[in-house]
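Asker:
Structure (structure tokens):
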């Protein structure tokens, strides 16, 4: 979504179309137990809206790895 670009109502459709080029199909095609990483809040929202999947930040993945806990949904 390029930061706040996709949050603006007039850009939402463009942002989702951009996600459909590579990101969203790849997330949808990934097995359900695959952890999806996304650094930015806007990227995480785009994944949630466009692929109906949750994603983790790098910090969350490191926490999971260090503590051996499952990520929150």
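Numbering (our numbering), first residue to last: 859 to 931. Backbone N, C-alpha and C define an ideal beta-carbon position, used for all residues, glycine too.
Mind checking residue 899: buried by the 16 CB within 10 Å criterion, or exposed?
Answerer: Counting from one through the chain shown, the residue named residue 899 turns up at place 41. By the 10 Å Cβ count, residue 899 comes out exposed.
Asker: Exposed or buried, residue 885, counting other C-beta atoms within 10 Å across all chains shown (16 or more means buried)?
Answerer: Working through the chain shown from its first residue, we reach residue 885 at position 27. Flag for residue 885 reads buried.
Asker: So if DSSP puts residue 895 in a beta bridge, which residue, or which two residues, is it bridged to?
Answerer: Taking the chain shown and counting its residues from 1, the one referred to as residue 895 is at position 37. Answer by DSSP bridge pairing, in chain order: 914.
Asker: Return helix, strand or coil for residue 885, following the three-state DSSP convention.
Answerer: For the purposes of this step, residue 885 is taken as the residue at position 27 of the chain shown. Helix.
Asker: Looking only at its own chain, which residues have a Cβ that is under 8 Å from the Cβ of residue 895, when we skip the five neighbours before and after it?
Answerer: Working through the chain shown from its first residue, we reach residue 895 at position 37. Hits under 8 Å: 913, 914, 915, 916 and 919.
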